[in-house]
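Just so you know, our numbering puts 300 at position 299 of the sequence shown, and the rest follows in order with no gaps.
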Amino acid sequence: ELRYESFDVDDARRVQRNPGESGLDRFLTQTDGRDGESLRVRAHGQSRFLRGKVVATSGFSYVRLDTDVSGSRIYGDRFGASFDPAFANRQPFERGFLGLDGRNELRLRTGNLSVMAMARKDLRVVAALRASKESYDSQTSATETLLDPRVSPSAVENALLTDSSSNRTTFDESVEVRYTGLARAALYLTADWQQADGDLIEQQTTGGLVSLDRKTNVDRIAQRYALGGTWRPLRALSLSGKYGYARRKNDYDQLVDSTDNRLGGDRYPAFFVSDQIEDNALNVRLSWRPATALQIATRYDFDRSVLKSRGEGFASVEGGKVTSHSIGATASWKPIAQMYLQADGTYTQSQTDTPADTLSGTAGLLVPDFDNDFWNASVLSGVALDDDTDLRVRYYFYRADNYADNSAVSLPYGADAEEHGVSATLERRISEAASGRLLYGYVTSDDRTSGGHDDFSGHLVLMSVRLGF
């Protein structure tokens, strides 16, 4: 398979800031140009052995993506204005740029091999290996514009040059074992491993002086395991569950670093020596069909993720712990052959625990624990009006109440929003090769986090015709 694409995009974003305010009213015009081409080559094959009990599949792909970027970001007295370093309403520390010129090159080569073996009728084993090589190069130049009143009353122009590249080699291995030999149950086990090695080189020059320089070797080791199964004690009742464990660790060897990590507070970008994320997840699902036309299912999910990191010269610390509980239910009912009704709802309780919540004194309450609880619910009904006409009606609801007013010591955060939506869709099959669809929807959203400034309500009307040849 061979696929080639070329593209040319010329975008502009126009924003008026502080409209009508004396001394502050200004117009921002940002132009973004992107053009380039991509090439994708893919090949695959399959072979069978031992009378089909062993199936081997292999594949290879190559991707090349070249992109050129251009543009500018200018504040002025009108949209599309030329840059004026002494523009009267320009505000301190507003950044812009002129003459952006950049080129990005991406190369990705991937090969994979998988083997499926049916050792027995009720036992299936699948093993797979994947290798990939990715390289990325980017060079960009532009003129930065910045009004810094500490330096000059007018905007100052600085020449910016950036050069970055990265290379990464990744190996992935996986094994899946599925056993269906039990009378009313099926079991499965999956294991995935990953090893990656690469480097990242970045350099930025501002006004002819090197302002950022780093070269980092990155080693990654990841593993993921899952054990699950399904049990059917009765014909109309089934219980399934799954436990999963995942761990990923990145080690960084900082070969070049333009900042001294032993002194001062500015230790980025090459500060971290390692980071690690560990995840434990469990889900249980119960499905019951009390009648032919009625099916009910409920599900519980638990997930806990722990993030640890270590900076140069420091011990490893736990940066955050996210614990989530989610319970949901779905009911489907088909009272007659031409009609169905489906309802579902989910409640999720999630909390991010950070060690910063134990700080005291002036740092107390700066970063308290964060909640992300929310409700989701929807009702969907469909009816066949005749052999060629269908009508669907849907209502959905969303609610989150996590707003924390921490403005006394920091910033308020957390979502406090409520959203309702309803839609109706009418579909008509005109012929075997043609069909039409008419949709109407209405949505209302209250965003209390923003004090109501992002509230909205909207109507949607959509008409479409599909033709087959």
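Backbone N, C-alpha and C define an ideal beta-carbon position, used for all residues, glycine too.
Whole-angstrom distance between residue j and residue i, CA atom to CA atom
i: alanine 132; j: threonine 355; result: 37 Å
i: aspartate 417; j: glycine 100; result: 42 Å
i: valine 211; j: phenylalanine 94; result: 21 Å
i: leucine 463; j: tyrosine 441; result: 7 Å
i: asparagine 168; j: leucine 367; result: 39 Å
i: tyrosine 404; j: threonine 450; result: 6 Å
i: threonine 260; j: glycine 459; result: 51 Å
i: threonine 30; j: arginine 14; result: 6 Å
i: aspartate 406; j: aspartate 370; result: 13 Å
i: arginine 286; j: proline 270; result: 45 Å
i: aspartate 220; j: glycine 209; result: 33 Å
i: serine 333; j: glutamine 343; result: 4 Å
i: tryptophan 232; j: tyrosine 226; result: 21 Å
i: arginine 268; j: aspartate 214; result: 12 Å
i: glycine 199; j: asparagine 105; result: 18 Å
i: alanine 247; j: phenylalanine 80; result: 51 Å
i: arginine 121; j: asparagine 284; result: 29 Å
i: arginine 249; j: lysine 322; result: 15 Å
i: glycine 383; j: tyrosine 397; result: 15 Å
Terminal residues of the beta strand (DSSP E) in which residue i lies
i: alanine 120; result: 96-121
i: glycine 314; result: Taken as a continuous stretch (DSSP letters only), glycine 314 belongs to no beta strand (DSSP E), as it is neither H nor E.
i: asparagine 251; result: 238-258
i: histidine 326; result: 318-337
i: lysine 54; result: Run containing lysine 54: none; DSSP gives neither H nor E here.
i: asparagine 377; result: 375-387
i: threonine 171; result: 157-180
i: valine 444; result: 435-448
i: threonine 217; result: 210-235
i: aspartate 138; result: 124-147
i: tyrosine 269; result: Premise fails: tyrosine 269 is in no beta strand (DSSP E) and is neither H nor E.
i: leucine 342; result: 340-354
i: leucine 412; result: From DSSP, leucine 412 is part of no beta strand (DSSP E); its letter is neither H nor E.
Classification of residue i by the beta-carbon crowding that lies within 10 angstroms, buried from 16 upward
i: aspartate 49; result: In the sequence as displayed, the identity of residue 49 is arginine instead of aspartate. Classification of arginine 49: exposed, given that the 10 Å Cβ count is below 16.
i: arginine 151; result: exposed
i: tyrosine 5; result: exposed
i: tyrosine 76; result: buried
i: phenylalanine 457; result: exposed
i: phenylalanine 315; result: exposed
i: glutamate 203; result: buried
i: alanine 409; result: exposed
i: alanine 184; result: exposed
i: glycine 97; result: buried
i: glycine 469; result: exposed
i: serine 73; result: buried
i: threonine 359; result: exposed
i: threonine 217; result: buried
i: alanine 44; result: exposed
i: alanine 338; result: exposed
i: phenylalanine 8; result: exposed
i: phenylalanine 172; result: exposed
i: alanine 143; result: buried
CB of residue i within 9 Å of CB of residue j, strictly
i: glutamate 177; j: arginine 108; result: no
i: glutamine 224; j: alanine 197; result: no
i: threonine 68; j: aspartate 36; result: yes
i: threonine 390; j: asparagine 373; result: no
i: serine 239; j: serine 275; result: no
i: arginine 1; j: glycine 320; result: Not covered by the structure: residue 1. The range shown for the chain is 2 to 470.
i: leucine 190; j: leucine 228; result: yes
i: valine 42; j: leucine 66; result: no
i: asparagine 90; j: glycine 21; result: no
i: leucine 201; j: serine 175; result: no
i: tryptophan 376; j: threonine 331; result: no
CB-CB length for residue i against residue j, believed under 8 Å
i: alanine 156; j: leucine 147; result: 6 Å
i: aspartate 280; j: aspartate 304; result: 7 Å
i: threonine 58; j: serine 136; result: Between serine 136 and threonine 58 the Cβ distance is about 26 Å, and since that is not below 8 Å, they are no contact.
i: alanine 187; j: glycine 242; result: About 12 Å separates the two Cβ atoms, so there is no contact after all.
i: tyrosine 180; j: aspartate 123; result: 6 Å
heavy atom of the ligand PLP below 8 Å from residue i C-beta
i: asparagine 105; result: This structure lacks the ligand PLP, and indeed carries no ligand of any kind.
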